[in-house]
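Protein sequences, first through last, are from chains W and Z. The opening residue of the first sequence carries number 1 in the UniProt record's numbering; numbering runs sequentially from there. The opening residue of the second sequence carries number 1 in the UniProt record's numbering; numbering runs sequentially from there. Here a beta-carbon is modelled for each residue, glycine too, at the ideal position from N, C-alpha and C.
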Amino acid sequence: MTHHCSRPRPTRWLAGALLALVTSLLAPVASAVETARDHECLRCHAMSTLAYREPDSGEIRSLALDPQRLDHSVHAELACSDCHARGYGRYPHRAKLADEQLGCVECHADDPADATYRLDRIAEEFAASVHASSDHHKLRQFDCHSCHDPHAFRASQVGDDLGAIVRRDNQTCLDCHHRVTDPLRGSHAWLPQRDAHWAAVRCIDCHTPTTPQASHQILAAADSSKRCVACHSRDSRLREGLYRYRLAQDRAEHGWLTSLVRNDAYIVGMSRSPLLDALSLAILALVALVIALHGYGRYRLARRRKENDR
Amino acid sequence: MSTSPLYPLWLRAWHWYNAALFLALMVSGVSMHYAGTDWLLGFNQAVAIHNVSGTLLALGWIAFVLANLKSDNGRHYLPRPRGLVRDLWVQARYYAYGIFRDEPHPFHAGPAAKFNVLQQLSYLGAMYLLMPLLILSGLGFLLSPLLPETLLGISTLWLVAMTHVLTSYLLVLFLLVHVYIITIGDSLTANLRAMLTGEHGTSDDTQETDRHAS
Numbered sequence: 001m002t003h004h005c006s007r008p009r010p011t012r013w014l015a016g017a018l019l020a021l022v023t024s025l026l027a028p029v030a031s032a033v034e035t036a037r038d039h040e041c042l043r044c045h046a047m048s049t050l051a052y053r054e055p056d057s058g059e060i061r062s063l064a065l066d067p068q069r070l071d072h073s074v075h076a077e078l079a080c081s082d083c084h085a086r087g088y089g090r091y092p093h094r095a096k097l098a099d100e101q102l103g104c105v106e107c108h109a110d111d112p113a114d115a116t117y118r119l120d121r122i123a124e125e126f127a128a129s130v131h132a133s134s135d136h137h138k139l140r141q142f143d144c145h146s147c148h149d150p151h152a153f154r155a156s157q158v159g160d161d162l163g164a165i166v167r168r169d170n171q172t173c174l175d176c177h178h179r180v181t182d183p184l185r186g187s188h189a190w191l192p193q194r195d196a197h198w199a200a201v202r203c204i205d206c207h208t209p210t211t212p213q214a215s216h217q218i219l220a221a222a223d224s225s226k227r228c229v230a231c232h233s234r235d236s237r238l239r240e241g242l243y244r245y246r247l248a249q250d251r252a253e254h255g256w257l258t259s260l261v262r263n264d265a266y267i268v269g270m271s272r273s274p275l276l277d278a279l280s281l282a283i284l285a286l287v288a289l290v291i292a293l294h295g296y297g298r299y300r301l302a303r304r305r306k307e308n309d310r
Numbered sequence: 001m002s003t004s005p006l007y008p009l010w011l012r013a014w015h016w017y018n019a020a021l022f023l024a025l026m027v028s029g030v031s032m033h034y035a036g037t038d039w040l041l042g043f044n045q046a047v048a049i050h051n052v053s054g055t056l057l058a059l060g061w062i063a064f065v066l067a068n069l070k071s072d073n074g075r076h077y078l079p080r081p082r083g084l085v086r087d088l089w090v091q092a093r094y095y096a097y098g099i100f101r102d103e104p105h106p107f108h109a110g111p112a113a114k115f116n117v118l119q120q121l122s123y124l125g126a127m128y129l130l131m132p133l134l135i136l137s138g139l140g141f142l143l144s145p146l147l148p149e150t151l152l153g154i155s156t157l158w159l160v161a162m163t164h165v166l167t168s169y170l171l172v173l174f175l176l177v178h179v180y181i182i183t184i185g186d187s188l189t190a191n192l193r194a195m196l197t198g199e200h201g202t203s204d205d206t207q208e209t210d211r212h213a214s
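Below you can see the structure in the form of structure tokens.
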């Protein structure tokens, strides 16, 4: 491009401006495909010791992120600046940024993919939940992020291992409610096979009201369900929640017949093999019929014998 | 026919112990399997009853096996291999046909042999095949958190559950037939009374034997 060098300066300036324009147009695209590992912010925030001391309370607040969890999170493909938009050019960042309110519904409400979650109900459900109505001092700053860490949160996917879903989901609760698992505390002692339950169902399966979608109305311990047949019955609520996707997926992958056998979590009262039940009951009924006929035959014989004796 | 102590007291006590537990297990088991049905037991209640009764039944079974090893009671359950097919045919033919023709019972219970060959085979199947499977799968349920998640690619708990359900259906079938078959004695209630009092052979019995002989 040597012949361009002889051009007058204004043209060169114009070319530079054009290049700048193109670059600025391309920039958002570039940031959209940026993966978590590439985030500039992680140069500091990936350090596990990054923290500050709250001036009022003296509490140490971590500012660290786990890049690996971020990478697997539902927000992995977003740029940091998509949410943390302004005022982060200064280092260290200004203290007031720590108070910025970032809701979930604001972004997610418009996404048609999120329509099934019925986000419009979340605020209402949350307002009725024990997390909002209790005046416990630890709940003073409770918001979406207290449970759903936006830098790690991952929605369960069809095909995920059920045990892994349960573990991940319950860990969210146990992060705060870790004393529940204390063997000396009897809050769940009433529950037969407590550990089997904890490995197989989510906390929210008992600690929220029955709704078709997972509810954000977390119930107080006293209001939570102790009704066994809510799950242990043919129309188990687990079918609506935890098992909804799995059953459909199993049938699609392995066929209807195989899904009868391959049901990978057996729930007493809920999981029955209709084939085995029908067959067994039919055989029992048939045998009962044969017995009735046999008995009738013997009765006729006895009567005939009595008449002969007379 | 003179009275003979066909069923000693320990055996009768063991029998009714089993009978009571079987009933409790059936009612509570059905209540869990078909949980949510109004007229059945409540789930928690059924679980408690089933766990306790199941454990007691398992202990009873262990006692039965030990008693059979120690005493000669066990031999009553073992059919004679020689002429097995013929014996089976004779017994089955009697139940299906001979009984309606007023033929004499081909087998008569006595201290030497308490059970006919069909009884022997069904008791053998129930006590040494179905019961161990039932007890092991029940134990599997009780200790389910300790089970491996899958066995040969299939959920272990699912296998345990299906074994338990299937064996219990078969044992209910056994019970159904058992309750009817015992009415085919020397009289309608002779066998039942024998299991209650231990005495086998009553005045009814002699009457029927006379009739058969005549």
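Pick out whichever of the options has its Cα sitting closest to the Cα of residue i.
{"i": "Z:Tyr34", "options": "W:Ala278, W:Leu284, W:Gly295, W:His232", "result": "W:His232"}
{"i": "Z:Ala113", "options": "Z:Arg12, Z:Arg80, Z:His15, Z:Leu134", "result": "Z:Arg80"}
{"i": "W:Leu229", "options": "Z:Leu176, Z:Asn44, Z:His108, Z:Ala67", "result": "One detail in the question is off: residue 229 of chain W reads as Val in this sequence, not Leu. Checked all of Z:Leu176, Z:Asn44, Z:His108, Z:Ala67; the closest Cα to W:Val229 is Z:Asn44."}
{"i": "W:Leu219", "options": "W:Met47, W:Cys206, W:Leu289", "result": "W:Cys206"}
{"i": "Z:Thr163", "options": "Z:Asp186, Z:Arg101, Z:Met131", "result": "Z:Met131"}
{"i": "W:Gly295", "options": "Z:Leu57, Z:Tyr95, Z:Val160", "result": "Z:Tyr95"}
{"i": "Z:Leu175", "options": "W:Glu59, W:Val287, W:Gly297", "result": "W:Val287"}
{"i": "Z:Leu139", "options": "Z:Leu152, Z:Arg193, Z:Val160", "result": "Z:Val160"}
{"i": "W:His145", "options": "W:Pro92, W:Trp190, W:His131, W:Gln157", "result": "W:His131"}
{"i": "W:Arg227", "options": "Z:His178, Z:Ala48, Z:Ala67, Z:Gly42", "result": "Z:Gly42"}
{"i": "W:Ser280", "options": "Z:Val165, Z:Leu188, Z:Asp186", "result": "Z:Val165"}
{"i": "W:Pro183", "options": "W:Arg194, W:Cys173, W:Asp175", "result": "W:Arg194"}
{"i": "W:Ala76", "options": "W:His151, W:Arg121, W:Glu106", "result": "W:His151"}
{"i": "W:Gly163", "options": "Z:Ser168, Z:Lys70, Z:Ser155", "result": "Z:Ser155"}
{"i": "Z:Trp10", "options": "Z:Trp39, Z:Asn68, Z:Val52", "result": "Z:Asn68"}
{"i": "Z:His108", "options": "Z:Gly198, Z:Asp186, Z:Leu23, Z:Leu173", "result": "Z:Asp186"}
{"i": "Z:His178", "options": "Z:Val47, Z:Leu88, Z:Phe115", "result": "Z:Phe115"}
{"i": "Z:Leu88", "options": "Z:Pro106, Z:Phe100, Z:Arg193, Z:Leu146", "result": "Z:Pro106"}
{"i": "W:Asp169", "options": "W:Ala189, W:Arg179, W:His148", "result": "W:His148"}
{"i": "W:Ser156", "options": "W:Leu242, W:Glu125, W:Arg272", "result": "W:Leu242"}
For the beta strand (DSSP E) containing residue i, list its first residue and its last residue.
{"i": "W:Ile60", "result": "60 to 62"}
{"i": "W:Ala51", "result": "51 to 53"}
Can you tell me where the alpha helix (DSSP H) holding residue i begins and where it ends?
{"i": "Z:Asn68", "result": "43 to 70"}
{"i": "Z:Tyr17", "result": "9 to 33"}
{"i": "W:Leu296", "result": "Correcting the residue identity first, residue 296 of chain W is Tyr in this sequence and not Leu. It spans 274 to 309 - the alpha helix (DSSP H) in which W:Tyr296 sits, taken as one unbroken run."}
{"i": "Z:Gly125", "result": "117 to 125"}
{"i": "Z:Tyr95", "result": "84 to 96"}
{"i": "W:Arg43", "result": "42 to 45"}
{"i": "W:Phe126", "result": "122 to 128"}
{"i": "W:Thr172", "result": "162 to 174"}
{"i": "W:Gln68", "result": "67 to 72"}
{"i": "W:Cys147", "result": "144 to 147"}
{"i": "W:Ala200", "result": "194 to 200"}
{"i": "W:Cys228", "result": "No alpha helix (DSSP H) holds W:Cys228; DSSP gives it neither H nor E."}
{"i": "W:Cys203", "result": "203 to 207"}
{"i": "W:Asp111", "result": "First-last for W:Asp111: undefined, no H or E at that position."}
{"i": "residue 333 of chain W", "result": "The structure shown has nothing for residue 333 of chain W, since chain W only spans 1 to 310."}
{"i": "W:Arg90", "result": "Premise fails: W:Arg90 is in no alpha helix (DSSP H) and is neither H nor E."}
{"i": "W:Leu238", "result": "237 to 240"}
Mark residue i as exposed unless 16 or more other C-beta atoms lie within 10 angstroms of its C-beta, in which case mark it buried.
{"i": "Z:Gln91", "result": "buried"}
{"i": "W:Arg90", "result": "exposed"}
{"i": "W:Arg185", "result": "exposed"}
{"i": "W:Leu293", "result": "exposed"}
{"i": "W:Asn308", "result": "exposed"}
{"i": "Z:Gly29", "result": "buried"}
{"i": "W:Gln68", "result": "exposed"}
{"i": "Z:Trp16", "result": "exposed"}
{"i": "Z:Leu118", "result": "buried"}
{"i": "W:Ala200", "result": "buried"}
{"i": "W:Val29", "result": "Confidence is the limiting factor: at W:Val29 the pLDDT is only 45, short of 50, which leaves the residue's position unreliable, though a coordinate-based value still follows. Classification of W:Val29: exposed, given that the 10 Å Cβ count is below 16."}
{"i": "Z:Met1", "result": "The predicted model places Z:Met1 with a pLDDT of 41, which falls under 50 and marks its position as unreliable, so this point remains unresolved."}
{"i": "Z:Leu171", "result": "buried"}
{"i": "W:Met270", "result": "buried"}
{"i": "W:Phe198", "result": "For the record, residue 198 of chain W in the displayed sequence is Trp; it is not Phe. When all chains shown are included, W:Trp198 counts as buried."}
{"i": "Z:Thr150", "result": "exposed"}
{"i": "W:Ser62", "result": "exposed"}
{"i": "Z:Gly54", "result": "buried"}
The ligand HEM and residue i: does the residue's C-beta get closer than 7 angstroms to at least one heavy atom of that ligand?
{"i": "Z:Leu171", "result": "In terms of ligand content, the structure shown is empty, and the ligand HEM therefore cannot be addressed."}
| At what residue ranges does the stretch 133 to 184 of chain Z contain a whole run of the beta strand (DSSP E), taking only runs of 3 or more? | none
*asked:* Under 7 angstroms, CB to CB, which of the residues in the stretch 169 to 188 of chain Z have a partner in chain A?
replied: The displayed structure is made up of protein chains W and Z, and chain A is not among them.
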